[in-house]
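> Can you keep this structure in mind? I'll have questions shortly.
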Ligand SMILES: Cc1ncc(C[n+]2csc(CCOP(=O)(O)OP(=O)(O)O)c2C)c(N)n1
Ligand SMILES: Cc1ncc(C[n+]2csc(CCOP(=O)(O)OP(=O)(O)O)c2C)c(N)n1
Ligand code: SF4
Ligand code: SF4
Ligand SMILES: [Mg+2]
Ligand SMILES: [Mg+2]
């Protein structure tokens, strides 16, 4: 082992859920950011409010990789319940900072590790007078120990603590003091025996710290969304909760100080999506955010929006399914369900953001797409992106103006002799949308319906009329590729193996590629239906492996359907344990296939 | 035109909905059956209770084909609203029996047709004294006219009328008399000018007349179903309604005359499927029947049944989608939705009955499958099969005994030292199912859940445990092919083009093949996941065309996913106008491709 | 009388009644639902209502089809079975100037729609909500709905196995501010109630007994025309006076209650025998419940509370309908984003 | 006293109380839900209940997790959010010998579950239905549920914008036969109510105020321990006497009501101040409603009707649980099929 490893290791903190340790972990994380490092954080928390084991993993790397690192070099096993298991998972030589006051712990289990025992209880008892505050403040002690052992400057620590407790100076002070108790103890009693060190760096220029759901919420504000109907569900709740805050702060009020938005907490997801669709029908930009179980409940109403051609944006912050599954773990397993949900011939376009910046951009763009194509647009995020804190590029002001799409205004209607709500005037399958009060032309008034209708929106059971309508809808959905985010190609060597990935999988893929001797060509898909260039990429390689976070290889299946002639070359490598994907998994998957090839 | 065409033409009757004409049409149909003919009937009715146009098509053919014939040789345009349109759709030389008393009708519109004008109103006025009965009885007049013109023996007519009014002799008599008014008029005033004739035949030995939903209901009774929870929806309602009758008549009562079943009309489909799943969990054979919109509402609860491994049978009597679509027209467009519904990695096995006999057999078998594999089984019928009257082979008593599958009985548990509800003891991915009161072993009691669980059914967030469970579920579902109905191959010539079809499409396909010079090989798929023999069939042909009744080519897409290496050869021909499929459509689809090939 | 328009055969907008019509009905001849559509047309015509400010919302069922048959100049959304309340709420908050006229059935509301109906009542968004109550699922051919009385057999003689839900009782329990019941055969009562509902700023619920002539109009039915005629008991004799009319009905004190509605119009309730106070929620539940046990069907203005604030008013929303806002109002400035970014830096 | 078991530390089945326990709870320390689980264990132990005849049913929420923490010897189904009533109904009709003990939350029942809850009450299938009512969505971190009072702000100070639903009032309106309210902090009242519910042949509903210490136990909350303690008003002082015990509580006439339950046990209600008749549905709604406006939270046996017939009884079902029937009873004979076929021939 080299005697010094700088800014390139990861730290795992094991605590019981709901004990306040999250604040301490956040403080360490932000302190690193303050040092100019681009750390990654993965919060592996249970579906429980307090008591169950939780792990927080902080990683630093010279490149500022954001993917989860599979192994860790430093462990703080502060949860008695999981102590043994946590240690068992560690490689020999792992640095272990444990609570020396823990009762009944066999010394032997620490063998083979670089151990720093710290009497946290005693330090707390001696150093924190106020017994009421002690339980929470004691968590700050390990912050100080970590800072001292690995070299987080006091300034960064203080800055971090102050930012976490923002305005509350007094609170910040006592927390800082508590942290100092740990630092002091470490300085006086711990002899540095490990090679891991932190030093200030230049990784954070133009970077921000943000959760994906926060960026998604901002995208809605700048995307012009004004009606939000939601029902709480992990990991989607914070989209609406952040949104409430951003609306209040940045959506300009009217002259009387009244709100230019409304957020309704509905009684369930059927109602949430119903309200959002009703609002879209009446001409407001509307959305709902949910996760798998909610999507399953929305499918009938979404079928109406599809067939009646009503704009609405749905955010699916994916978690582990099927059923209740693991509500606090991450997956990309709703694709097939979303794509073909609701009975009959339907297709629901999907967009796949990969990081907070795209979460913002795609969320903003989704409203233009929904209104232009007059159909539900799904933004497929996931728990890893949505609920973890990411070091992201700053969000850029949207270039594209708000585009209400093809609206039946008086001008438009004046030009068109023949009029019909579902008339394909431009031959692109996209009709002109009506919004009450947007026109005075009496021809536009009609009863929107989910039953069979002709070009004028009148009820019809005529077989030709019905088939013609389904064909137009198919053309319309095929056409969405003109405006959906195009795939991004990362050139590589050779035409043997190619990689396809989407969403949060991208981070592990890019890290894995960087770490390999030969650079494998990689295409990141950003939407479905697929662009023609996706087919080109597959065609240009003997074999393509789709890396995804589900059991069935759902994107691979969508590719096989979209490009049957290329289906034989499409392979997939799948992880579905619920933890954020690691570069190691990707590397193995690729190497395995390179050998085969 | 040959001067005599015997037992080979079709008759189209146009009337307003809800005027009682259905009874008359049924009488004609049953009279033909009584003559030993195997007629086909297609009831093209509107989504309305009374007033809108409805058409009834009766067809006779030497082979007794049951598919819809695209053209008709005899028309009764008795609906003033559609008179002109109905005539416009007819080929020259069509026989037209019209109401001479209809006001304001241009003589000219009958030009080019073989016309038999009949003063129905006047005949009714003169012949039917009771003004209250007249509106209904007048419909019998055209029955008599048809009988006289084309040669339905009086005996068959009487037999038919008596069977329709079963016990009510008096009612039968006045109806027969009304029919005779028409017959007499025709005899006295109409000069036979057309070549179409009916004669007795031998097509009905061992045949019965039955609606698909009726056979489906019987299958549930003989399949051992005891709990039914449903919510009304066209075209599925009659499954439950027939079932109520059959239960009462043929499910043996207990010693006290009490019922050995329960049928609950739920408040909606979420509740209907919830009750059915709850009953399956408690150990009863349970089912729910619905159509597209209902399936869309069931998807969250079905995800629980999939993941918690609870048996339940769902009958999807498909209608035209998306959304409300055309509730009284037929399609096969719920496949993709059903196969991958509910969030997360799920698959729901589907069975495709093609006629009443299979509707009975598959419905019966579905309960064994659901209990053996402990998963929801979908029986995918449609409106054409479910609500039309079919000439079918007699239903045969089920050979396979009722098989409750792998149950955790005391015997089983005695043998197995290690026990877990989800433990894969036999290596086939199918665990042993627990039913309260079926065992006294205390180890079996547990809390069934849709959240992550280990082999013992205990809550677990462990990534390996979760992935292992998903893998076992995948193995289990793959294994269903061992018991799902296998495909049926119809040999043909050459290895160029092959046909694949399923469900009601089969009738048009078999008729089309019979009518072609070169017999195209044909495989009828009867379930999904697909058997290996389906891949063999595709592999053995340069090109395979899937004939289906939906817009997206849904079965073709499932084939491309299942057999990626064969995807390039899989093509599809699709009809989705909502009328039952005709042989003509299939013939065109095949010929077009034979030219190409 | 409020039913007299400004000039013969035209209303204050100069429109004839036929201009409030819709497509030809496809209901069965004699269906109660058609009578309700006529009443809606009458009310809209009398009020001189601008069809562009009304949106017709419905679920699925025969009843839910009727919006196609009245006020063809208004937009409408025929949504999904039992979920109309959510679509109507969404449409109204998107454009607060659009007043939803919701038409539902007893199956659509009391069976599959119960959850959304209950929460719609709580939310009190401005809307007129009509249940065309026939005790059966008409469109699916006559199965019992959740409002079918246990004493009321089907044509085949089967009886419901569960208690009927009294939607008015439920609405009262859930705090609805406008609860009325009427009969499709009684335009004289239904029209003024509809007008009052359209003048009410909140959720106005009207349960209208509307016989299904095809599946539930037989002797033994408690939802038949005959049954309703024989058991109908009126609370009061209602008269509606629009804000643009002056009250010219003379009445003695104590004989008539004058309810002033949000838009300045008046609902005059002339006492019949007993004096009934439609502003006492408890009395209301007690009375309809007692009358039910007596086999009566009380109709009229059961309860009204004009003090309740509607959803939009309680939400501090801008007066401009959200649907009419454009980029300048909807998209914050670059500097706004810059400020937000600052917070994410350090 | 009914709480005294036959022999010290064991009940009539010879089981200790710990044998009615479950897995260790994962609720927050002090969560009201844990107290309810304890009460359930106490009731089951006192009754000498055979765990194999009980099925624990729940939806999704902190409350809905608790069936894992009591009576581990019973089977249970932790179903989907708001849909437990349908699963419980299905399970019970499949095996009528299994009594469902349903545990739900105010979000699970009053928000997403409202539709099924209403129809469960109508259907009256035998079942104990407990709502662990804390006014918030605990598991999703504290959003308001439909039972949150408008006067009760969140920790952040926001107020609900909609009226709270009183589940007991709703249950009464919908004709429920057993309606009670209690408090997780009041075992003395809750345990006898639970036992009575378990002895009732029909839908027994108990709304239990169960504070969420993490998200809704602050000063201003009306669902906090303190608030409930300060505003709790008891109807009576309840005592449960099992059928296998003899009534040895002495009481003066007129002071106590004796309600005889279906299984022969008795619920003795000792009058506190006013005399309250729990068999008068109207009085019940009026009283809980008035007390609500007075800011009181009335608890106890609000309403009971032992005359109602439960779903299974009204369905003429065989005594043998359907789940226990096998091929001989389930599959009709060949001749039966032959008879049916005859009808399809001609
Ligand atoms: C999800 C769903 N389930 C079932 C149906 C079938 N369906 C159509 S209308 C209807 C009931 C209508 O009853 P009601 O609301 O009382 O209206 P009515 O026809 O009596 O006026 C049902 C069950 C449907 N369209 N959608
Ligand atoms: C279909 C669906 N929507 C949303 C959720 C997320 N969710 C889990 S629990 C819960 C609310 C629970 O509240 P309550 O029933 O009051 O239980 P409590 O936690 O307060 O005891 C919600 C909304 C879910 N699991 N499923
Ligand atoms: S079926 Fe009944 S409800 Fe429907 S239209 Fe006919 S009469 Fe009216
Ligand atoms: S969050 Fe609230 S309801 Fe959930 S366990 Fe904690 S205290 Fe109980
Ligand atoms: Mg109805
Ligand atoms: Mg709660």
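Protein chains in written order, with the numbering used here: chain S, 573 to 1169; chain D, 573 to 1169; chain W, 9 to 354; chain G, 9 to 354.
Just so you know, even glycine gets a beta-carbon here, dropped at the ideal spot from N, CA and C.
Predicted, not measured: the structure shown is a model, and the values here were computed from it.
When you compare only the Cα positions, how much space is there between residue 552 of chain D and residue 1119 of chain S?
Since the first residue of chain D shown is 573 and the last is 1169, residue 552 of chain D is not available in this structure.
> Mapping DSSP to helix, strand and coil, what is residue 627 of chain D?
Walking along the second chain from the start, residue 627 of chain D turns up at place 55. In this structure, residue 627 of chain D counts as strand in the three-state DSSP scheme.
> Less than 7 Å separating the beta-carbons of residue 151 of chain W and residue 804 of chain D?
The residue labelled residue 151 of chain W in the question sits at position 143 within the third chain. The residue labelled residue 804 of chain D in the question sits at position 232 within the second chain. Yes, Cβ-Cβ distance for residue 151 of chain W and residue 804 of chain D is below 7 Å.
> By Cβ distance below 6 Å, which residues in the same chain neighbour residue 952 of chain S in space, the five residues on each side in sequence not counted?
Walking along the first chain from the start, residue 952 of chain S turns up at place 380. Excluding residues within five positions, the ones whose Cβ falls inside 6 Å are 888, 922, 924.
> Since residue 912 of chain S contacts residue 950 of chain S with CB under 8 Å, what's their CB separation in whole angstroms?
Counting from 1 along the first chain, the entry for residue 912 of chain S is found at position 340. Counting from 1 along the first chain, the entry for residue 950 of chain S is found at position 378. Going by Cβ atoms, the distance from residue 912 of chain S to residue 950 of chain S rounds to 12 Å, so no, they are not a contact pair.
> Using the beta-carbon of each residue, find all residues closer than 5 Å to any heavy atom of ligand 3 and list them in chain order.
Having a Cβ closer than 5 Å to some heavy atom of ligand 3 are D:621, W:35, W:36, W:39, W:70, W:146, W:220, W:221, W:222.
> Starting from residue 658 of chain S, trace the alpha helix (DSSP H) in both directions and tell me its first and last residue.
Taking the first residue of the first chain as 1, we reach residue 658 of chain S at position 86. 655 to 660 is the span of the alpha helix (DSSP H), which, as asked, contains residue 658 of chain S.
> Could you check if residue 86 of chain W belongs to the surroundings of ligand 5, using beta carbon to heavy atom distance under 6 Å?
One-based indexing of the third chain puts residue 86 of chain W at position 78. False, no ligand heavy atom lies under 6 Å from that Cβ.
> From the DSSP output, in three-state form, read off residue 286 of chain G for me.
As a working mapping, residue 286 of chain G is identified with position 278 in the fourth chain. Reduced to three states, the DSSP call for residue 286 of chain G is coil.
> Where does residue 688 of chain D sit, in a helix, a strand or coil, going by DSSP?
Here residue 688 of chain D is taken as the residue at index 116 of the second chain, counted from 1. The answer is strand: DSSP assigns residue 688 of chain D an E or B state.
> Would you kindly work out how many angstroms separate the C-alpha atoms of residue 898 of chain S and residue 154 of chain G, rounded to a whole number?
On the first chain, position 326 is the one that residue 898 of chain S refers to. On the fourth chain, position 146 is the one that residue 154 of chain G refers to. The alpha-carbon atoms of residue 898 of chain S and residue 154 of chain G are separated by roughly 26 Å.
> Using a beta-carbon distance below 7 Å, is residue 924 of chain D in contact with chain S?
Here residue 924 of chain D refers to the residue found at position 352 when the second chain is read from its first residue. No, no contact with chain S.
> Of all the CB atoms in chain S, is at least one closer than 7 Å to the CB of residue 62 of chain W?
For the purposes of this step, residue 62 of chain W is identified with residue 54 of the third chain, where counting begins at 1. Output row for residue 62 of chain W: interface = no.
> Might you give, ordered along the chain, the residues of its own chain that have their beta carbon closer than 8 Å to the beta carbon of residue 579 of chain S, omitting 5 neighbours on each side?
Taking the first chain and counting its residues from 1, one reaches residue 579 of chain S at position 7. Closer than 8 Å at the Cβ level, and outside the excluded window around residue 579 of chain S, lie 609, 632, 633, 634, 769, 770, 771, 773.
> Whole angstroms is fine: what's the gap from residue 135 of chain W's alpha carbon to residue 77 of chain W's?
Residue mapping note: residue 135 of chain W aligns to position 127 of the third chain, counting from 1. Residue mapping note: residue 77 of chain W aligns to position 69 of the third chain, counting from 1. For residue 135 of chain W and residue 77 of chain W, the distance between alpha carbons rounds to 19 Å.
> Starting from residue 154 of chain G, find everything on chain S with Cβ-Cβ shorter than 9 Å and list it in chain order.
Along the fourth chain, read from residue 1 onward, the residue named residue 154 of chain G stands at position 146. Ordered by position in chain S, the residues that pass the 9 Å Cβ test against residue 154 of chain G are 839.
> For the pair the stretch 100 to 108 of chain W and the stretch 999 to 1016 of chain S, tell me if three or more CB-CB distances fall below 8 Å.
These segments touch.
> Please tell me whether residue 781 of chain S and residue 605 of chain S are closer than 7 Å, where the distance is taken between their beta carbons.
Position 209 of the first chain holds residue 781 of chain S. Position 33 of the first chain holds residue 605 of chain S. Yes, the Cβ-Cβ distance between residue 781 of chain S and residue 605 of chain S is below 7 Å.
> How many angstroms separate the CA atom of residue 971 of chain D from the CA atom of residue 212 of chain G?
Translated into positions along the second chain, residue 971 of chain D becomes position 399. Translated into positions along the fourth chain, residue 212 of chain G becomes position 204. Taking the straight line joining both Cα atoms gives about 45 Å.
> By DSSP, does residue 151 of chain G sit in helix, in strand, or in coil?
As a working note, residue 151 of chain G is residue 143 in the fourth chain. DSSP places residue 151 of chain G in strand when its eight states are reduced to three.
> Taking the Cβ atom as the reference point for each residue, do residue 95 of chain G and residue 846 of chain D lie within a distance shorter than 7 Å?
As a first step, residue 95 of chain G is located in the fourth chain; it is residue number 87 there, counting from the start. As a first step, residue 846 of chain D is located in the second chain; it is residue number 274 there, counting from the start. Closer than 7 Å, so yes.
> Can you tell me where the alpha helix (DSSP H) with residue 602 of chain S in it begins and where it stops?
For the purposes of this step, residue 602 of chain S is taken as the residue at position 30 of the first chain. 593 to 606 is the span of the alpha helix (DSSP H), which, as asked, contains residue 602 of chain S.
> Is there a Cβ from chain G that is less than 7 Å from the Cβ of residue 847 of chain D?
Counting from one through the second chain, the residue named residue 847 of chain D turns up at place 275. Yes, residue 847 of chain D lies at the interface with chain G (some Cβ there is under 7 Å from its Cβ).
> Going along chain S in order, which residues have a C-beta closer than 8 Å to the C-beta of residue 124 of chain W?
Numbered from 1 along the third chain, position 116 holds the residue referred to as residue 124 of chain W. Here the neighbours are 839, 842, 843, 846.
> Run through DSSP, which three-state label would residue 919 of chain S get?
Along the first chain, one-based indexing puts residue 919 of chain S at 347. If DSSP states are grouped into helix, strand and coil, residue 919 of chain S belongs with coil.
> Please find out if some non-hydrogen atom of ligand 5 comes closer than 6 Å to the beta-carbon of residue 619 of chain S.
Walking along the first chain from the start, residue 619 of chain S turns up at place 47. It does not: the Cβ of residue 619 of chain S is nowhere closer than 6 Å to a heavy atom of ligand 5.
> Relative to the C-alpha of residue 675 of chain D, which residue among D:857, D:1137, D:653 is closest?
Working through the second chain from its first residue, we reach residue 675 of chain D at position 103. The shortest Cα separation from residue 675 of chain D among D:857, D:1137, D:653 belongs to D:653.
> Per DSSP, which one or two residues make a beta bridge with residue 308 of chain G?
Taking the first residue of the fourth chain as 1, we reach residue 308 of chain G at position 300. Answer is G:189, bridged to residue 308 of chain G.
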